[in-house]
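Here the sequence shown stands for residues 1 to 172, numbered as in UniProt numbering. Every residue gets a Cβ at the ideal spot worked out from N, C-alpha and C, and that includes glycine.
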Amino acid sequence: MEIENARHLTSGEIKEAKLLFKNSINYQNVFIHNEAWFPFGLQTAHTAVSPDGDIYFPPSEYRENFASSTLRLQHLFMHEMMHVWQYQHGYHVKLRGMFSWAVSYFYTLERGRSLKTYALEQQACIVADYWVLKYYSVRQWAQLKKCLNPFSFNDVAGLLSLYETVIDRFAE
C-alpha cells in the first residue's frame with residue numbers, strides 16, 4: 001500500500017528499532033510521513049508525533065533514512081518508535097498525546113518501578129535515552145537525556161543496570 005508523502009521503514013531503521021523492540025512491533029505496518037499530523041501549523045517544526053501507529057515528521061525533521069541521520073534525529077526516531085510500540089500494544093496514544101503538552105518528558109528512574117507506571121511520554125524518553133546510553137556513549141546520553149537522576153560519568157554500568165531494571169524486558 002502506498003501513501004502520499006509517506007514511506008515504509010528502511011532496513012536500517014528496522015535494524016536499529018529491533019535493538020530495543022525486537023519483534024514486538026509489526027514493522028511492515030509503520031509508515032514514516034514527511035508532513036505534520038496536526039493541521040494549521042499546530043505541530044512545531046521540531047516535533048514529531050505518532051498518534052496512530054505511523055510517525056509524522058514535519059519537513060524540517062524528516063529524513064529518508066533515520067538510521068544514518070544525526071544522533072539527535074535517531075534519538076527522536078527511537079522516541080517515536082516507542083509510541084508506535086505503545087499504539088500497537090493497545091495504549092491510547094492519540095488520546096493521551098492530546099495532553100502531552102501538559103505532561104513532563106523528564107523522569108526519575110526508580111529501582112523496582114516498572115516502565116508501564118511512567119507516563120507515555122516518559123516511557124518514550126526512557127527507552128530512547130537507554131538506547132543512546134547502551135549503543136553510543138554516556139557523554140552523548142548526557143546531552144540528550146531527560147533523566148533527572150544524579151549520575152557519574154564513571155559508572156555507566158550502574159546507570160545501564162538502573163535503566164534495565166525499569167525497562168525489564170518490556171518488548172518480549
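With respect to the 7 Å criterion, K146 and Y118 are not classified as neighbours on the basis of their beta carbons.
The alpha helix (DSSP H) runs of length 4 or more contained entirely in the segment 11–77 are, from start to end of the chain, 11–21. Between the segment 124–134 and the segment 59–66, the count of Cβ pairs shorter than 8 Å is below three; the stretches do not touch. Within the DSSP secondary-structure output, Y107 pairs in a beta bridge with C147. With distances taken between CA atoms, H33 lies nearest to F57 out of G12, T47, F57 and I14.
By the neighbour-count criterion, in which a residue is buried when 16 or more other Cβ atoms sit within 10 angstroms of its Cβ, Q123 is buried. Going by beta carbons, H83 and S114 fall outside the 7 Å limit. Per DSSP, reduced to three states, the secondary structure at H8 is strand. A direct Cα-to-Cα measurement between L160 and N154 gives close to 12 Å.
In the DSSP assignment, K134 falls within the unbroken alpha helix (DSSP H) covering L120 to Y135.
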